[in-house]
Structure formats: structure tokens, C-alpha cells
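Structure, as C-alpha cells:
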Amino acid sequence: MAVDHQEFNHVIILYVWDGTDVEPSLVEMTCTVQAREGQNFDSVADLRPEGMPPLSREVIATFPPFGTVLPVVPDLPIENLPLKLPTSSTWIKFRNLNCRIQNGIYVAVFLHESKISILSATSELVTECERRYQGRLLDNSGGFLPQWIPTPLHSLTVTDYEHIPFSTLRQILSYSQVTYKFRCLVRVVSIVPPVIEDFCVQKRSSTRASEYIYRLRLTLEDPTSRIHAYLCDEDAEYFFNGHPATDLHDATVIKSALQRKINELLGVEEHNLYGSAKSDKRCNPPWIKCCLKSYYLQKEDPWSSRCFKVFGTILA
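For the sequence shown, UniProt numbering gives the first residue as 1, with consecutive numbering after it.
Following this line, the structure appears as C-alpha cells:
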């Protein structure tokens with residue numbers, strides 16, 4: 001089903017949905033010096049495929065809560081596209097699409113040989129998609145569960161709010177209140193800073209040179225979206241099961257313990273090391289439970305300054 005389309009840099013991007021989840025892709029564990037220099041707290045490059053525009057909260061709110069929304073981009077001039085693009089809520093059928101992975105996110109490509117046709121709302125393909133999706137809604141009465149999640153789920157984390165149903169990241173991004181608390185099932189696909197020694201920084205307001213705090217930014221992913229969530233201060237110490245913030249350049253024991261936990265969190269194999277100078281590797285992060293809290297930085301512009309942070313979660 002077509003759910004939206006936008007023109008960006010003279011390219012039409014069509015967003016489509018059928019109620020299913022894309023299979024999680026392997027994640028590049030970037031360890032080169034160049035990759036490290038490109039990872040910083042201000043970068044949003046890993047939240048969407050390269051060259052894609054950000055979607056507003058109002059647009060995201062029009063999408064169904066479950067299921068991947070797949071961007072379809074043309075590999076041909078805009079004048080060669082079908083004369084009439086499908087409108088929102090129109091069921092369509094594609095043939096001969098290509099598929100790419102950009103920044104770990106799936107993108108469909110409309111080629112010269114690709115075809116698109118409009119489907120009747122009563123066609124067998126449409127009714128089957130709707131039947132499967134309604135089944136997902138009934139099965140997920142306790143919250144969102146990705147289709148590709150292993151059963152039973154063995155999460156590396158435990159939350160303080162196990163009774164709260166899971167939300168999708170799309171539901172979180174489009175939620176009507178700027179501040180709220182959520183619980184979700186996600187994969188951690190990236191961490192900034194990219195080296196463990198930099199996880200702790202000296203507290204600026206402290207008069208003691210030895211006082212440190214955690215300061216991390218996680219990129220979280222589920223089949224519906226990606227977001228950045230900060231992990232700082234007491235929430236980070238709680239997350240790391242009580243390991244105190246300190247100068248990790250000197251604290252060998254704590255650094256080794258954090259190394260093991262981060263390797264598990266990112267799905268890094270034991271013979272590799274997160275943040276090492278080895279060649280890039282591909283890893284498969286596990287699904288974890290996570291509590292998120294939304295907040296804002298600017299009272300006069302809360303929605304534009306909205307951020308997320310991890311809280312109430314322990315990496316056991």
C-alpha cells in the first residue's frame with residue numbers, strides 16, 4: 001500500500017507498506033580511524049538511507065503503527081516515471097524492483113524494467129495482506145513484537161517496567177505528547193563514542209578532577225524506524241549494572257567489564273573487540289528490552305528540540 005510520496009532534490013520517493021517487517025540486516029562494526037572521526041553526537045547520518053529526507057512527525061503519524069515502511073526510489077529520470085503516482089491508501093503491486101541496503105536500511109529501487117499496477121481493494125493479494133496484519137494486531141495485545149524476533153526472547157536487559165506493553169519506534173516518534181515514557185524492543189546498531197575509553201567524560205561542574213560521568217548516544221532500531229537515545233549519568237551507571245563512571249583510560253578492570261557487555265549488546269563475536277583497530281566486521285545485534293523517556297531542550301520550541309534517553313534498564 002502506498003502511504004506517502006515526496007519529491008526531494010528532484011527525485012520522487014514513494015513510501016510503501018504491506019504490514020510485514022523487513023529482516024534485520026547485519027551491521028558494519030566501523031573500526032577504522034576515518035569511521036571513528038565521522039561518528040559524533042551531532043551526526044544524524046545513520047538514521048536514514050543516504051540522500052533521504054527526514055520525515056516529519058505529522059507524516060509519520062499517518063503510517064500504520066506496525067510493519068516496515070519501505071522507501072522506493074527511481075533509478076531513472078523523473079519524466080520517465082508513471083504519469084500518475086498512486087495516492088495514499090492505494091494498494092499497488094510492484095514487479096522487478098531492485099533492493100539495496102544503505103546505512104543498514106533497506107531501500108527499493110524502481111528500474112527501467114520495473115512495473116507498477118493499481119490493485120482493487122477486494123483483490124486476493126490485498127485481502128491476504130489485510131488478514132495477516134489484523135492477525136498481528138490481535139497477537140500483539142501485549143505490545144509490539146517484531147516478526148523476526150527469536151522465540152522465546154532471551155533479552156540481555158531487564159527493565160523496571162516489565163508490565164508496560166511494548167511500543168514501536170514509529171509510535172514513539174509520532175506520539176502526541178512531547179514528553180512521555182515508553183518500553184520497546186530494539187537492536188543497538190551503533191554507539192557514540194566509538195571507543196570505550198571515551199564513554200566517560202570529566203564532569204564540567206565538578207571542582208574535582210577525578211569526577212566523571214557517562215555520556216553515550218545509542219542508535220536504536222526496530223522494523224519501523226531508527227532513533228538516537230542518550231545514555232548518561234546515573235541512567236548509564238544503572239544500565240551498566242553499577243559500574244561507576246571513571247577515567248576509562250586507566251581503569252583496566254572496569255573497561256574490560258564494559259568491553260564484554262558492549263560486545264554482547266552489539267552482537268560482536270568474541271574474537272573481535274568493539275572499538276579495536278581491526279578491519280571492519282559485520283555483526284548481528286540481539287533484540288533487547290529498553291525503556292525510553294522523551295524530553296525537550298528548548299521550552300519555546302519543544303517539538304523541534306525533542307530528544308530521547310534510556311532509563312530504567314539494566315544490561316544484566
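Ideal Cβ placement from N, Cα and C applies to all residues, glycine included.
Spatial distance of residue i from residue j (CA atoms)
i	j	result
cysteine 307	leucine 173	10 Å
serine 25	valine 109	17 Å
glutamate 197	phenylalanine 240	15 Å
asparagine 103	threonine 159	29 Å
alanine 35	lysine 203	Confidence at alanine 35 is low in this model, with a pLDDT of 45, below 50, so its placement is unreliable and no value can be given for it.
alanine 277	glycine 51	Note on alanine 277: pLDDT 48, under 50, position unreliable in the model; no value is reported.
serine 155	arginine 226	19 Å
phenylalanine 8	proline 54	10 Å
isoleucine 213	alanine 245	5 Å
proline 146	cysteine 99	21 Å
lysine 175	tyrosine 296	Reading off the sequence, residue 175 comes out as tyrosine, not lysine. Rounded to whole angstroms, tyrosine 175 to tyrosine 296 spans 14 Å at the Cα level.
valine 11	lysine 261	42 Å
isoleucine 13	valine 69	12 Å
valine 189	glutamate 269	14 Å
histidine 5	lysine 84	12 Å
serine 279	proline 286	Note that serine 279 has pLDDT 43, beneath the 50 cutoff, so the model's placement of it is unreliable and the number below is only indicative. Each residue's Cα considered, the two are about 22 Å apart.
valine 33	valine 195	Unreliable placement is indicated for valine 33, whose pLDDT of 38 sits below 50; the coordinate value is still reported in the next sentence. Straight-line Cα distance between these residues: approximately 11 Å.
isoleucine 105	glutamate 211	39 Å
aspartate 235	isoleucine 149	26 Å
alanine 121	valine 22	23 Å
CB contact below 9 Å: residue i versus chain D
i	result
serine 120	The structure shown has no chain D; it contains just one protein chain.
Nearest neighbour of residue i, chosen from the options [CA to CA]
i	options	result
arginine 215	Ile118, Arg136, Arg226 and Pro193	Pro193
leucine 315	His243, Val268, Glu269 and Lys293	His243
cysteine 291	Asn284, Pro285, Gly312 and Leu297	Gly312
threonine 157	Glu28, Ile105 and Glu264	Glu264
arginine 48	Pro74, His5 and Val107	Val107
glutamine 134	Thr20, Phe199 and Leu258	Thr20
glutamate 162	Lys181, Thr151 and Ile149	Lys181
Residue i and residue j closer than 9 Å at C-beta
i	j	result
isoleucine 116	proline 77	no
serine 89	alanine 2	yes
leucine 220	arginine 187	yes
aspartate 222	leucine 185	yes
phenylalanine 63	tryptophan 91	no
glycine 67	arginine 131	no
serine 294	valine 178	yes
tyrosine 15	proline 65	no
leucine 111	aspartate 139	no
Cβ separation of residue i and residue j, assumed to be a contact under 8 Å, to the nearest whole Å
i	j	result
lysine 289	cysteine 232	Not quite, the Cβ-Cβ distance comes to about 19 Å (not below 8 Å), so this is no contact.
isoleucine 254	arginine 170	Not quite, the Cβ-Cβ distance comes to about 36 Å (not below 8 Å), so this is no contact.
isoleucine 191	leucine 218	6 Å
glutamate 28	arginine 282	6 Å
leucine 119	phenylalanine 199	Their Cβ separation, rounded to whole angstroms, is 50 Å, which puts leucine 119 and phenylalanine 199 out of contact at 8 Å.
Is there contact here, the segment 93-102 with the segment 249-269, by at least three beta-carbon pairs under 8 Å? no
Are the segment 290-306 and the segment 41-48 in contact at 8 Å, needing three or more beta carbon pairs? no
Quick one: any contact between the segment 110-128 and the segment 150-170, if contact means 3 or more CB pairs under 8 Å? no
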